[in-house]
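To start, the structure under review is shown below, and the notes come after it.
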Amino acid sequence: MTLDAFPRSQATVAPTSADRRPTTYDVAIVGGSVVGLVLACALRDSGLTVAVVEAQPPAVGAARSQAYAFSLTSARILGGMGLWEAIAPELTRFDAVQLSDGQYDQVAVCKPQDIGAEALYYAAEHCTLMQALQTAVA
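Every number in our numbering is 106 more than the matching position in the sequence shown, counting from 1.
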């Protein structure tokens with residue numbers, strides 16, 4: 107798979123003889139943030155030529171101040187795409203989750219050992235996820 111990321115303003119520029127990008131792509135992903143780059147990573151081994159079109163430079167896209175929570179299913183998906191190892195050192199684990207209802211005074215506490223896992227959820231900063239994704243598609 108060929109994976110290119112370039113600003114929207116460059117997307118319609120005809121390639122020069124020195125430019126090795128294909129002139130047509132099988133898939134064009136508009137948006138190089140989390141969703142677009144996860145899709146691009148998922149297509150890496152598909153044999154398709156993929157273009158990621160993003161108006162912002164990668165450093166700007168990675169600089170947002172936000173975080174994500176990952177379920178165990180998300181962790182498996184990211185692991186299957188080869189991304190989990192890159193973000194794992196920067197993750198915060200949820201070691202317990204409490205479930206309650208405003209109309210009911212009992213609280214259910216779930217712990218990782220209840221399901222044989224090391225954590226119930228994970229959290230990571232946006233920049234951690236974006237750096238792993240951007241590296242994977244570079």
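Glycine included, each C-beta is placed from N, C-alpha and C at the ideal position.
As for any alpha helix (DSSP H) of minimum length 4 sitting wholly inside the region 152-224, the runs are 164-168, 178-186, 190-193, ordered along the chain. Non-local beta-carbon contacts of M187 in its own chain, meaning distances under 7 Å to residues more than five positions away in sequence, involve C147, A148 in chain order. The C-beta distance from R199 to E224 rounds to 7 Å, short enough to meet the 8 Å contact threshold.
Less than 7 Å divides the Cβ of A229 from the Cβ of A175. Per the DSSP secondary-structure output, Y227 pairs in a beta bridge with F200. In the structure shown, the three-state DSSP call for A134 is strand. With respect to V215, S206 sits apart: the two C-beta atoms are not nearer than 7 Å. Burial is judged here by how many other beta carbons sit within 10 angstroms of a residue's own beta carbon; V141 has fewer than 16 and is exposed.
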